[in-house]
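Heads up: the structure comes next, in structure tokens.
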Amino acid sequence: MVTFSIADWQAWAPHIHDTPAWQTWARAPYCPAGDDAPPRLDFLPAMQRRRLGALARMVFACAWPLAEGRANLPVVYGSQHGETTRDIELLLDLARGEPLSPTSFGLSVHNAVAGQWTIARGETAETVALSAAHCGAEHAFLEACALLRQGYEAALVVLAEELPPAPYRPWIADVPFSYAAAFRIEPGQDWRLAPSDPPACSPAPAWPSPLNLVRNLALGSPGWHHIENGHAWQWTHLDR
Numbered sequence: 004m005v006t007f008s009i010a011d012w013q014a015w016a017p018h019i020h021d022t023p024a025w026q027t028w029a030r031a032p033y034c035p036a037g038d039d040a041p042p043r044l045d046f047l048p049a050m051q052r053r054r055l056g057a058l059a060r061m062v063f064a065c066a067w068p069l070a071e072g073r074a075n076l077p078v079v080y081g082s083q084h085g086e087t088t089r090d091i092e093l094l095l096d097l098a099r100g101e102p103l104s105p106t107s108f109g110l111s112v113h114n115a116v117a118g119q120w121t122i123a124r125g126e127t128a129e130t131v132a133l134s135a136a137h138c139g140a141e142h143a144f145l146e147a148c149a150l151l152r153q154g155y156e157a158a159l160v161v162l163a164e165e166l167p168p169a170p171y172r173p174w175i176a177d178v179p180f181s182y183a184a185a186f187r188i189e190p191g192q193d194w195r196l197a198p199s200d201p202p203a204c205s206p207a208p209a210w211p212s213p214l215n216l217v218r219n220l221a222l223g224s225p226g227w228h229h230i231e232n233g234h235a236w237q238w239t240h241l242d243r
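Numbering (the numbering used here), first residue to last: 4 to 243.
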């Protein structure tokens, strides 16, 4: 069990860019239809923006405002699948017998987004990159709470997935649409996260754990269970 405070949070998805839009989505969740341009990130120099893929742009759009004016802010970055668009482009280049772009290859590793973040911000605090098969939000928050116990005044949790390219979709069923969400947490007693016993018969979750978290925060829920792959977690807002 861990306790903490969520000082602030932001999320981004196609056509769902701000808190009022997320509150509307939370009341009647749906998969956004149609494409949407990735965030512009005008706060970054053009050369840095060009190196960022769509997933990284979503991450920066959510996390940057939460980190503004703050130094020594560790980051826990969680993504089960990572930048699948960049990965498939590399594989297609190989299939065509074309040389790989060294830059694109270097940015295809799982912790590349977190690395780009630390470079852009000049951040030297700890950075953790996770790939959890299930309950990704819960594992990321546990990791962030461990950082708080080391003495950090705050930590940033960033969770992101991009809608996989068509060749991957038969094997990736847990990314209904592209999204990113960032949470700045601090030591406190406002929230409690604890494992719990799963029910004997538990249906598959309607949404992956990061989106389930965003939905309940947008709704102001006092607590909820997230049950996935035989594991159950209880989120409780203690001051409600």
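Built from N, CA and C at the ideal position, the CB exists for glycine as well.
Taking a contact as a CB-CB distance under 8 angstroms, the pair Pro211 and Asp177 counts as one, their CB atoms being some 5 angstroms apart. Straight through space, the alpha carbons of Asp200 and Arg43 are spaced by roughly 43 angstroms. Distance from the CA atom of Ala136 to the CA atom of Phe144, rounded to whole angstroms, is 15 angstroms. Excluding five sequence positions before and after Val62, the CB atoms of its chain that fall closer than 6 angstroms to its own CB belong to Val116, Val161, Ala163 and Ala183, given in chain order.
Here Glu146 has Val79 and Val131 as same chain residues with Cβ atoms under 6 angstroms from its own Cβ, once five neighbours each way along the sequence are excluded.
Under the three-state reduction of DSSP, Ser212 is assigned to helix.
In the three-state reduction of the DSSP assignment, Ser107 falls in the helix class, which pools H, G and I. By the Cβ-count criterion, Val112 is exposed, with fewer than 16 other Cβ atoms from all chains shown falling within 10 Å of its own Cβ.
Going by DSSP, Asp11 is part of the beta strand (DSSP E) stretching over Val5 to Trp15. The alpha-carbon of Gln237 is positioned some 14 angstroms away from that of Phe7.
The beta-carbon separation of Leu47 and Ala123, rounded to 6 angstroms, stays under the 8 angstroms limit for a contact. In the structure shown, His142 adopts helical secondary structure according to DSSP, grouped into three states. Taking the Cα positions, Ala10 is about 13 angstroms away from Ala66. Counting along the chain, Asp193 sits inside no alpha helix (DSSP H); it lies in the beta strand (DSSP E) bounded by residues Tyr182 to Ser199.
Within a 10 Å sphere around the beta-carbon of Ala140 sit 16 or more other beta-carbons, which makes this residue buried. Phe108 and Tyr171 have their C-alpha atoms some 19 angstroms from each other.
For the options Gly72, Pro167 and Gly125, the alpha carbon positioned closest to that of Glu92 is the one of Pro167. Residue range Ala115 to Arg124 is occupied by the alpha helix (DSSP H) that includes Thr121.
Ranked by Cα distance from Leu196, the options Trp227, Ala74, Asp96 and Asp45 are led by Trp227. Under DSSP, Thr130 forms a beta bridge with Val78.
Taking the Cβ atoms as the reference, Cys138 lies roughly 7 angstroms from His229, within the contact range of under 8 angstroms. Between the alpha carbons of Leu241 and Gly233 lies a distance of about 25 angstroms.
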